[in-house]
Ligand SMILES: Cc1ncc(COP(=O)(O)O)c(C=O)c1O
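Protein chains in written order, with this note's numbering: chain Y, 671 to 944; chain S, 665 to 1080.
Quick look at the structure:
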């Protein structure tokens, strides 16, 4: 089954540039502003959207995304609310792929079968669940695939050649290479090593490989985008939200701050292969 | 001779297919509980850890070194003590204490730390991290790290740093770096999140020395094995003293390491009743006012395993509350979740007030100041013992001593 993700990567391949994948936390800093940010992303240059599902205990995230999740939960976000955001988005945008990203417990609590059905119906295209390695595929990966959702897996510098096939086995949509051992928002130590890792993964799979964690500027995007089929930015966008707030509340700068930053990073993506 | 008895429960030939002692399976599951719910970065590490643990289990030199340390460094076996005045006071079953509080560093936590530090050494790790609630695990970790010359960083919730100050000072004196964690309510759950974040960042050098029988496989199994010496010793000591099995055994349950270590030897002895005391805080009816994950929670996935968790209707984890920092955790080890569902063990909540009362009673009647965690177990014993016959016996795992708690308890009692 072809998803919006497959279609989008195929189109960008023809265009000869990497995809810009943007992560925002659903409902940060409040539900209405979160929706406005989401809807502003494609115009600003986002090719694929990762929509964060907030969790009380984001073990793999750095401070920026931890705080974004807290703002979203404090604003009353729920998993059903996240799916509602996707549904509203789809009324205006039929083509931009949306990947829901988060942790397993809220999904497990919702009920796996009910969740994959509802996510598909809302117009989501894929899932990234940080704490579900291939060893736990029966939990959600297989039901998600059966429901027509891509299950996008993280591969990391600790995933060696012996392990890669197992990680790639039930992956679809794209492969997300985590550029470093660390949490979101940290700094990439060696761009060269990232390029090598991408080539290594590509020798194992035909899926597009997107690189995330530690990409902060147009410059980073242009560099990493030389090798990767996609680059993922998250913590800097979430930080832009945080910096635009006044007394913890959205201002008339908030949506614009994210839009401008996405546009700037997009300029790096465009010149990556130029 | 008990002192020579192997500390590794894996030594004991586990029985038939219906034994409750066979878990976990190859995927780290105890029934539906347990598993390996970790980020990909950590997955190769926990597979490697498991491989090293399997090798160590078969290595006589590993067992010999652990036994030697347990005897000469930690002071095992810990005594089994007949609490005569408490027995008279309660007027029912004979009350016995398994004196884990007499171990070096003052609690059962050292049993696990000695096992894991030897493993860390075998794996060639050069740095150790750990989470701690009451600080007992932090102190035990800092202790073995001092002895084995490894730098260590202890993550501790900011709230706990405050209420367990004596242990913070001990850790620092032992050379550990103590990192207070301010996220969330600043308790054990938050400390564990932060330790996991450190671990994914420092995968090559760092050994994560988890302090309880929870987390991703193989930790629940491994920590249980290192703690199972408690129950095996109780069994042989009680047999030596009374020529039979005790009728009931009680332990407090935070993550569940002292409890599973106490229960494991008895799981297949159907006549021995097993009781686990959860932290009932202000009462299990008070929303977010307790830490009784089995009585007041439902199954979910956190910190690498599926288990009972305190959570809201949307699957967000609650902070919970307990007067005892060591029990103030919204989850529990997966083997307890399994034993709860299978009804082999009876888990019951004990409120802050009940624990404080037990703390004082034990101190006055027996001259033993128990840890607030252990006082929860004692409070459960105080409910059960009077319903039993005078010819029956009940054993409490007195998991730790209460020196660390005298300031907080003093405040509650208005002594300060
Ligand atoms: C003395 C004592 N008992 C019990 C516990 C609870 O841990 P566990 O349930 O793993 O035994 C702690 C934890 O800090 C402790 O210090």
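Note that the Cβ used here is the ideal one computed from N, Cα and C, for glycine as well.
Can we count residue 1090(S) as close to ligand 1, meaning its CB is less than 8 angstroms from some heavy atom? Past the edges of chain S, shown from 665 to 1080, lies residue 1090(S), and the structure says nothing about it.
Could you tell me the distance, in whole angstroms, from the CA atom of residue 717(S) to the CA atom of residue 1001(S)? 24 angstroms
Counting contacts by CB-CB distance shorter than 9 angstroms, is residue 901(S) in contact with chain Y? no
Write down the C-beta distance between residue 734(Y) and residue 912(Y) rounded to the nearest angstrom, noting that I regard them as a contact closer than 8 angstroms. 7 angstroms
Quick check: is the beta carbon of residue 870(Y) nearer than 9 angstroms to any beta carbon in chain S? no
Beta strand (DSSP E) segments (min. 3 residues) lying fully within the stretch 932 to 973 of chain S: 937 to 945, 962 to 966, 968 to 973
Given a limit of 7 angstroms on CB to CB distance, which residues of the stretch 941 to 973 of chain S reach chain Y? 964, 965, 966
Using the three-state DSSP reduction, which class does residue 785(Y) fall into: helix, strand or coil? helix
Do residue 847(Y) and residue 800(Y) have their C-beta atoms within less than 9 angstroms of each other? no
Within chain Y, the residues that residue 867(S) reaches when beta carbons sit closer than 7 angstroms: 828, 851
Cβ closer than 8 angstroms: which chain S residues qualify as neighbours of residue 821(Y)? By Cβ distance, chain S contributes nothing, its closest Cβ being about 13 angstroms from residue 821(Y), past 8 angstroms.
Within 9 angstroms (strictly less), CB to CB, does residue 818(S) reach chain Y? no
Using a 10 Å radius around the Cβ and a threshold of 16 neighbouring Cβ atoms, would you call residue 667(S) buried or exposed? Per-residue confidence for residue 667(S) stands at a pLDDT of 37, beneath the threshold of 50, marking its modelled position as unreliable; the derived number appears in the next sentence. Label assigned to residue 667(S): exposed.
Given a threshold of 16 other Cβ atoms within 10 Å of its Cβ, counted over all protein chains shown, does residue 680(S) qualify as buried or as exposed? exposed
Pick from 707(S), 751(S), 691(S) that is closest to residue 864(S), judged by C-alpha positions: 707(S)
CB contact check: residue 806(Y) to chain S, cutoff 9 angstroms: yes
On the DSSP letters alone, give me the boundaries of the alpha helix (DSSP H) that residue 778(Y) sits inside. 774 to 780
Report back the beta-carbon spacing between residue 805(S) and residue 873(S) to the nearest angstrom; my notes put them in contact at under 8 angstroms. 5 angstroms
Might you give, ordered along the chain, the residues of its own chain that have their beta carbon closer than 8 angstroms to the beta carbon of residue 1076(S), omitting 5 neighbours on each side? 987, 1020
Kindly indicate the opening and closing residues of the beta strand (DSSP E) around residue 935(Y). Segment 924 to 941 is the alpha helix (DSSP H) holding residue 935(Y); no beta strand (DSSP E) there.
If the criterion is Cβ atoms closer than 9 angstroms, does the pair residue 791(Y) and residue 721(Y) meet it? no
For ligand 1, any of its heavy atoms closer than 8 angstroms to the Cβ of residue 683(S)? no
Expected contact under 8 angstroms - CB spacing of residue 770(Y) and residue 789(Y) to nearest Å: 6 angstroms
CB-CB under 8 angstroms to residue 674(S), same chain, minus the five flanking residues each way: which ones, in chain order? With a pLDDT of 47 at residue 674(S), under the threshold of 50, the modelled position of this residue cannot be trusted; read the value that follows with caution. Cβ within range, chain order: 721, 889.
At 3 residues or longer, what runs of the beta strand (DSSP E) sit wholly inside the stretch 890 to 916 of chain S? 912 to 916
What are the boundary residues of the alpha helix (DSSP H) that includes residue 921(S)? 921 to 927
Which residue wins for smallest C-alpha separation from residue 1055(S), given the options 759(S), 730(S), 917(S)? 759(S)
For the structure I just gave you, are there three or more beta carbon pairs, one from the stretch 722 to 732 of chain Y and one from the stretch 887 to 896 of chain Y, closer than 8 angstroms? no
Can you tell me whether residue 717(S) is helix, strand or coil according to DSSP? helix
Any heavy atom of ligand 1 within a distance shorter than 8 angstroms of the CB on residue 656(S)? Limits of chain S in this structure are 665 at one end and 1080 at the other, which puts residue 656(S) out of reach.
Proximity of residue 880(S) and residue 688(S) at Cβ, strictly below 9 angstroms: no
Using C-beta distances below 6 angstroms, list every residue in its chain close to residue 738(Y), excluding the 5 sequence neighbours before and after it, in chain order. 695, 698, 908
Ignoring anything shorter than 3 residues, give me the beta strand (DSSP E) runs that lie fully in the stretch 1026 to 1068 of chain S, in order along the chain. 1057 to 1061
Using a Cβ cut-off of 7 angstroms, pull out every chain S residue sitting near residue 779(Y), in sequence order please. 964, 975, 978, 979
Could you give the C-beta distance for residue 765(S) and residue 1035(S), rounded to a whole number, given that I count them as a contact under 8 angstroms? 7 angstroms
Against residue 803(Y), what residues of chain S qualify as contacts under a CB-to-CB distance less than 7 angstroms, listed in chain order? 700, 702, 704, 707
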